[in-house]
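Here the structure is laid out as structure tokens; the discussion comes afterwards.
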Amino acid sequence: MKLFVNGAARTVEAAAGTPLLWVVRESLGLTGTKFGCGIAACGACTLHVDGAPVRSCAYPVEAAAGRRVTTIEGLAPNRSHPVQRAWIAEQVPQCGYCQSGMIMSAAALLKARPQPTDADIDAAMTNICRCGTYDRVRKAIKRAAQGGAT
Amino acid sequence: MIRAIMTVALAAMTLTAVTEAAAQGQSGALVFAEKIAPVLTHPRCLNCHTITTFPRQGDERRRHDFLVVRGPRDNGAPAMQCVTCHQANNHTASGVPGAPHWQLAPLSMGWEGLGISTLCKALKDPRKNGNRDLAKLVQHMTNDPLVLWGWAPGGDRTPVPIAHADFSRALGEWVNSGAACPD
Chain A
41 MKLFVNGAAR TVEAAAGTPL LWVVRESLGL TGTKFGCGIA ACGACTLHVD
91 GAPVRSCAYP VEAAAGRRVT TIEGLAPNRS HPVQRAWIAE QVPQCGYCQS
141 GMIMSAAALL KARPQPTDAD IDAAMTNICR CGTYDRVRKA IKRAAQGGAT
Chain B
3 MIRAIMTVAL AAMTLTAVTE AAAQGQSGAL VFAEKIAPVL THPRCLNCHT
53 ITTFPRQGDE RRRHDFLVVR GPRDNGAPAM QCVTCHQANN HTASGVPGAP
103 HWQLAPLSMG WEGLGISTLC KALKDPRKNG NRDLAKLVQH MTNDPLVLWG
153 WAPGGDRTPV PIAHADFSRA LGEWVNSGAA CPD
């Protein structure tokens with residue numbers, strides 16, 4: 041089936057119900073999106089389909105056919121997305137494993153809510169971080185919203 | 003004399019009609035109590051027909067994991083909508099349930115805490131049922147794919163307790179008998 045991933049048309053062979061996570065990682069070699077739980081509980085697998093965040097471990101590849109898929113690799117060239125720049129400025133990641141999904145969720149939040157309140161952040165950012173970077177995540181989202189990424 | 007006989011006969015016929023109507027209404031109310039209410043109050047339905055700012059999950063009806071919220075349009079928060087995780091079908095690999103337009107019922111259709119009689123009245127009230135008349139109500143409850151999910155919830159989730167064919171039949175019977183509500 042044909043997918044559009046990070047701006048490029050890609051053809052993959054996979055069973056219809058295969059989680060999109062495995063297709064992007066194993067068929068397309070885009071390993072920035074991570075497996076955390078496999079049950080849509082942690083958010084590590086978050087990417088965008090037609091601009092909206094989805095948890096790709098629970099998203100069948102057949103549903104992505106013909107749609108625009110954006111992974112962390114395609115969010116912006118050279119880590120130039122305001123969220124990525126804010127993440128670096130605030131030194132958000134510790135181990136980094138959850139951060140691809142965290143960044144994709146944050147990017148989607150700022151697209152929907154350019155000036156998110158704490159309540160907006162609480163409601164949208166349900167990604168799990170075992171290292172506990174939540175305070176810096178919040179700070180970086182606010183920094184990106186203010187346009188002060190660097 | 004004849005007039006008196008006719009008056010008595012007319013009164014008897016009226017009484018019979020009223021009695022039959024009352025019996026039909028009682029029968030309809032019983033159908034609602036026994037065949038319709040158990041579906042509407044089952045967790046597969048009630049978990050999304052909440053009166054809270056969040057959905058529920060599980061047969062124990064706990065608050066939905068990860069503190070997901072109702073959101074301004076009953077479909078989750080911006081960037082954390084229901085469809086972020088719930089797709090158009092149950093997903094075997096992850097176990098996440100799914101159906102088209104997965105979302106909460108609006109607060110006006112919240113059924114939590116309602117007794118059967120109040121639930122019945124709310125169901126018929128266009129202000130509380132999405133502005134549906136009885137025909138549209140029946141259509142929604144028999145055909146909407148999100149409603150139908152209750153009978154095929156996937157995983158180890160308990161489906162609603164009455165077979166869909168029986169439920170549909172009961173709905174028709176209830177409506178045709180005047181859609182009476184239990185006391």
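Heads up: the protein sequence lines correspond to chains A and B, in order. Heads up: the first sequence begins at 41 in our numbering, then just goes up one per residue. Heads up: the second sequence begins at 3 in our numbering, then just goes up one per residue. Here a beta-carbon is modelled for each residue, glycine too, at the ideal position from N, C-alpha and C. Remember, it's a predicted structure, so these values are computed and weren't measured experimentally.
Neighbouring residues, chain A, relative to residue i (Cβ below 8 Å)
| i | result |
| --- | --- |
| L109 (chain B) | Correct list: empty, because the minimum Cβ distance to chain A is about 17 Å. |
Residues near residue i in its chain [Cβ-Cβ closer than 6 Å; skip 5 each side]
| i | result |
| --- | --- |
| T190 (chain A) | In this prediction, T190 (chain A) scores a pLDDT of 41, lower than 50, which makes its location untrustworthy; the coordinate-derived value is nonetheless stated afterwards. Within the same chain, T190 (chain A) has close Cβ partners R125, A129. |
| L70 (chain A) | V64, T111, E113 |
| R178 (chain A) | I161 |
| A172 (chain B) | V33, K37, I38 |
Beta-bridge partners of residue i, as assigned by DSSP
| i | result |
| --- | --- |
| H88 (chain A) | A:P93, A:T110 |
| F75 (chain A) | F75 (chain A) is not bridged to any residue. |
| R65 (chain B) | B:R58 |
| P100 (chain A) | A:P59 |
| T52 (chain B) | None, per the DSSP bridge assignment. |
| T51 (chain A) | A:K42 |
| P79 (chain B) | Contrary to the premise, residue 79 (chain B) reads as Ala rather than Pro in this sequence. Paired residue(s): B:M82. |
CA-to-CA distance, residue j to residue i, given in whole angstroms
| i | j | result |
| --- | --- | --- |
| Y174 (chain A) | A81 (chain B) | 17 Å |
| D158 (chain B) | R119 (chain A) | 43 Å |
| L32 (chain B) | K126 (chain B) | 16 Å |
| C85 (chain A) | T55 (chain B) | 26 Å |
| V149 (chain B) | K130 (chain B) | 17 Å |
| T51 (chain A) | G141 (chain A) | 24 Å |
| C171 (chain A) | G174 (chain B) | 56 Å |
| R176 (chain A) | G47 (chain A) | 31 Å |
| G72 (chain A) | A98 (chain A) | 17 Å |
| C122 (chain B) | I181 (chain A) | 46 Å |
| R108 (chain A) | V85 (chain B) | 16 Å |
| L42 (chain B) | L48 (chain B) | 7 Å |
| K138 (chain B) | P128 (chain B) | 10 Å |
| P40 (chain B) | T120 (chain B) | 14 Å |
| G97 (chain B) | G156 (chain B) | 8 Å |
| P100 (chain A) | D185 (chain B) | 47 Å |
| N92 (chain B) | A101 (chain B) | 7 Å |
| S29 (chain B) | A90 (chain B) | 38 Å |
| L115 (chain A) | A165 (chain B) | 47 Å |
| A95 (chain B) | A56 (chain A) | 11 Å |
| P45 (chain B) | C87 (chain B) | 20 Å |
| T157 (chain A) | Q83 (chain B) | 17 Å |
Residue burial classification, residue i (beta-carbon count within 10 angstroms, cutoff 16)
| i | result |
| --- | --- |
| N145 (chain B) | exposed |
| Q105 (chain B) | buried |
| R64 (chain B) | exposed |
| H103 (chain B) | exposed |
| T111 (chain A) | buried |
| K74 (chain A) | buried |
| D160 (chain A) | buried |
| P147 (chain B) | exposed |
| V162 (chain B) | buried |
| S179 (chain B) | buried |
| T52 (chain B) | buried |
| R5 (chain B) | exposed |
| M143 (chain B) | buried |
| R75 (chain B) | exposed |
| L12 (chain B) | exposed |
| M165 (chain A) | buried |
| T118 (chain B) | It should be noted that the sequence gives Ile, not Thr, for residue 118 (chain B). Buried, because 16 or more other Cβ atoms sit within 10 Å of the Cβ of I118 (chain B). |
| V10 (chain B) | exposed |
Chain B residues whose Cβ lies nearer than 9 Å to that of residue i
| i | result |
| --- | --- |
| V94 (chain A) | V85, T86, C87, Q89 |
| I128 (chain A) | Those within 9 Å of I128 (chain A) in chain B number zero; the least Cβ separation is about 21 Å. |
| S145 (chain A) | A81, M82, T86 |
| P117 (chain A) | Here the premise fails: no neighbours, minimum Cβ distance about 23 Å. |
| A163 (chain A) | L69, V70, V71, G73, G78, A79, P80, A81, M82 |
Other residues of its chain near residue i: CB distance less than 7 Å, five sequence neighbours each side excluded
| i | result |
| --- | --- |
| C50 (chain B) | P57, L106, A107 |
| A80 (chain A) | R95, C97, A98 |
| P93 (chain A) | T86, M144, S145, A148 |
| Q134 (chain A) | C171, T173 |
| A181 (chain B) | G30, K126, L136 |
Per-residue contacts from residue i into chain B (C-beta, under 7 Å)
| i | result |
| --- | --- |
| R108 (chain A) | By Cβ distance, chain B contributes nothing, its closest Cβ being about 16 Å from R108 (chain A), past 7 Å. |
| L149 (chain A) | P80, A81 |
Where residue i meets chain A, residues with beta-carbon distance less than 7 Å
| i | result |
| --- | --- |
| L69 (chain B) | T166 |
| A95 (chain B) | G57, P59 |
Residues near residue i by beta carbon distance below 8 Å, same chain, minus five either side
| i | result |
| --- | --- |
| L69 (chain B) | F56 |
| A49 (chain A) | K42, L43 |
| C82 (chain A) | G76, C138, G141, N167, I168 |
| D67 (chain B) | Q59 |
Beta-carbon neighbours of residue i, restricted to chain B and to distances below 8 Å
| i | result |
| --- | --- |
| C97 (chain A) | A95, S96 |
| R153 (chain A) | P80, A81 |
| A193 (chain A) | Because residue 193 (chain A) is not part of the residues shown, which for chain A are 41 to 190, the question remains open. |
7 Å Cβ cutoff, residue i in contact with chain C
| i | result |
| --- | --- |
| A103 (chain A) | Protein chains A and B are contained in the structure displayed, whereas chain C is not. |
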